[in-house]
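Residue numbers (the working numbering): 826 to 1381.
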């Protein structure tokens, strides 16, 4: 029998602590410090060249569950089992976190174990939330529960209600490291650095799949069960595995509330003491670009799809449903146009034509992901921030609508919408911040158009935005425009060439996702025979996908 899962542990989201190089020079005093037990080290990528012990004053600033535990004077709990036991030991105290939710995710977790698939790198890992009504302690861990080595990763996010931030920790080299807090994700020196903020790009918890059917997670739609493990695998009888609950609870009770909580803190604290709205561009980049993405699929499992099966495609592939429908209420008069359903035969033709399979770097698995048509969609952490900005009056619905309707048929990876970022003011100081923001933004775009150049061309994103801004009765006009677009999409649902274009556009967007640090596991997305260097693509308002002749990916 085999227990290859135990041989496939992996460190995920590695932080460049350079501990190995320090160990090579034992005479260096930094070496002894870097491996000293029961000492919390600071290593914030982009700020700290080398790790260093945190001072007593810095430790007192860490007022989250793990921070308080690590400064308690007790030995550090260096395995997942020990950490959970240490949290259990808080029972009866003000720090008690009696509720525990255990989740299991694996990008190859739905594939049953066989001797032939034994070496498939499925990426099993636990996500565990601890709390009392809410969940301020989030643990991401290898399924090697008793291991304290770096290859069996153990990473923790703690919510610090005192300071209104998440703190990020990781066990490394026999101790714990503090890798920063939510605000570091936004600052220029630390944003996007190789640490937690290459994936937690806006400082909040991450769950890539925030909509049913939660592909890759154990859920009510598809279970990760004991048949995914070798017959002698100890995880089959592990209490944590047996206690796993469905992914919708992680989405609804933990991740979405955690993201919303951090966004609320950001919006509430946007104004400096003198009334200046600082870092306006930090907020607006989440309006005009996709700072990150979520993944969504059709509800149908791909292995039961037949030529006669209708396949409903995710609406968020075609537009940003959360912002346009929920935040702005730009709902078409005929809601039926939002149902995009293609014949199973056309999708299966694409699977064959483009040799769809999954590949972990060594093994090939034939066919699509477990649920069909996996694509990136606009991220909740972006759309929720937009929602809260409108709700709290930082931005008007009219301005958000004018921006969101710019290239609205491309809800993610829109170079046209991203082009508007350079016109955003860095700060706004006025009695009415929303009015001042739109006044300065519109003036800046108008100035660029008047100056000539690319911005002055008839089809420039600047002109599209200004036309949207000038639209009278924008709510009804935009709702009608969206209805016309979705009707055009529906008109192509049975057309083989149109569906083929949509499939190639989906693969283009998956390629864009795979270029990001959040794409940690090769089995997350399907592979095709479409070259990685194939031309960029976009959707048109006629509901057809087209290639982009000249394209340069914008930075987020």
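All residues carry an ideal CB built from backbone N, CA and C; glycine is no exception.
Excluding its 5 nearest sequence neighbours in each direction, residue 902 has C-beta neighbours in its own chain below 6 Å: 908, 911, listed in chain order. Beta bridge pairing from DSSP links residue 1096 with 1102.
The residue among 1348, 1159, 1355, 1357 with its C-alpha nearest the C-alpha of residue 932 is 1348.
When the alpha-carbon of residue 1132 is set against those of 1176, 1154, 1037, 1079, the nearest one is in 1176.
Taking residue 1103 as reference, the option from 1237, 1261, 869 with the minimal CA-CA separation is 1261. Around the beta carbon of residue 1151, fewer than 16 other beta carbons sit within 10 angstroms, so the residue counts as exposed. By the C-beta criterion, the region 1206–1218 is judged to be in contact with the region 1085–1093, since at least 3 inter-stretch pairs fall below 8 Å. Per DSSP, the unbroken alpha helix (DSSP H) holding residue 1316 starts and ends at 1299–1316.
Secondary structure note for residue 1050: it is in no beta strand (DSSP E), with a DSSP letter that is neither H nor E. Excluding five sequence positions before and after residue 863, the CB atoms of its chain that fall closer than 6 Å to its own CB belong to 900, 901, given in chain order.
CA-CA distance, residue 1220 to residue 1148, rounds to 13 Å. Here the region 1159–1168 lies against the region 1135–1142, with 3 or more beta-carbon pairs under 8 Å apart. Counting the other Cβ atoms within 10 Å of the Cβ of residue 939 gives fewer than 16, which makes it exposed. Under a 10 Å Cβ-count criterion, residue 1202 is classified as buried, with 16 or more other Cβ atoms of the shown protein chains found around its own Cβ. Here residue 1116 really is in contact with residue 1026; their C-beta atoms are around 5 Å apart, less than 8 Å. Below 8 Å, too few C-beta pairs join the region 1351–1366 and the region 1257–1273 to call them touching: fewer than three. The bridge partners DSSP lists for residue 1159 come to none. With 16 or more other Cβ atoms from the protein chains shown falling within 10 Å of its own Cβ, residue 1049 counts as buried. The shortest CA-to-CA distance from residue 983 to any of 887, 1297, 1251 is the one to 887. Rounded to the nearest whole angstrom, the CA to CA distance from residue 1292 to residue 929 is 48 Å.
Residue 1311 places its beta carbon 7 Å or farther from that of residue 1105. Spanning the alpha carbons of residue 1008 and residue 980 requires a straight line of approximately 18 Å. The Cβ atoms of residue 1344 and residue 1338 lie closer than 7 Å to each other. The beta carbon of residue 970 is closer than 6 Å to those of 905, 906 in its chain, skipping five residues each way along the sequence. Counted as a single uninterrupted DSSP element, the beta strand (DSSP E) harbouring residue 992 occupies residues 990–997. Between the alpha carbons of residue 963 and residue 1179 lies a distance of about 39 Å.
In this structure, residue 1087 and residue 1020 do not form a Cβ contact; the two beta carbons are roughly 17 Å apart against a cut-off of 8 Å. DSSP lists 957 as the beta-bridge partner residues of residue 959.
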